[in-house]
Amino acid sequence: MRTLIIAGGLMMTASLCAGTLGGSITARLEITARCHIDGLHASAEHLPVVRCSHPGVLPPKITASLAVDPLTQQAQRWITVEW
Numbered sequence: 083m084r085t086l087i088i089a090g091g092l093m094m095t096a097s098l099c100a101g102t103l104g105g106s107i108t109a110r111l112e113i114t115a116r117c118h119i120d121g122l123h124a125s126a127e128h129l130p131v132v133r134c135s136h137p138g139v140l141p142p143k144i145t146a147s148l149a150v151d152p153l154t155q156q157a158q159r160w161i162t163v164e165w
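Start counting the sequence shown at 83; every next residue gets the next number (my numbering).
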């Protein structure tokens, strides 16, 4: 019973404090691209070329896979870029 009274008192105190406090928070997030993927000029492995503007930035992981449709026997090439 004592625990319930303490919990109730804390909840009332918290709601009273929240009602008296005011203000605002302003946040701004700016994401700049440090790497550019060039799909027109492929590398020797026929993958897109990644050019990064800062030398300390790790380039994204680029993988390619080939999928063949069993009905039409057409091949599709998938290129995945992981940032």
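Quick reminder that beta carbons are idealized off the backbone N, C-alpha and C, glycines included.
I'd like the list of long-range same chain contacts for residue i, defined as Cβ closer than 8 Å, with 5 residues on each side in sequence excluded.
i, result
"residue 146", "127, 128, 129, 159, 160, 161, 162"
Leaving out five residues on either side along the sequence, give the residues of the same chain with a beta carbon under 6 Å from the beta carbon of residue i.
i, result
"residue 118", "133"
"residue 136", "116"
"residue 164", "142, 143"
"residue 123", "131"
Taking the alpha carbon of residue i as the reference point, which residue from the options has its own alpha carbon closest?
i, options, result
"residue 116", "142, 109, 151", "142"
"residue 120", "85, 140, 83, 144", "144"
Whose C-beta lies closer than 7 Å to the C-beta of residue i among residues of the same chain, with five residues either side of it excluded?
i, result
"residue 86", "none"
Those runs of the beta strand (DSSP E) which lie wholly inside the region 107-165 and span at least 3 residues: As far as the region 107-165 is concerned, its whole beta strand (DSSP E) runs of at least 3 residues are 117-124, 130-134, 143-150, 157-164.
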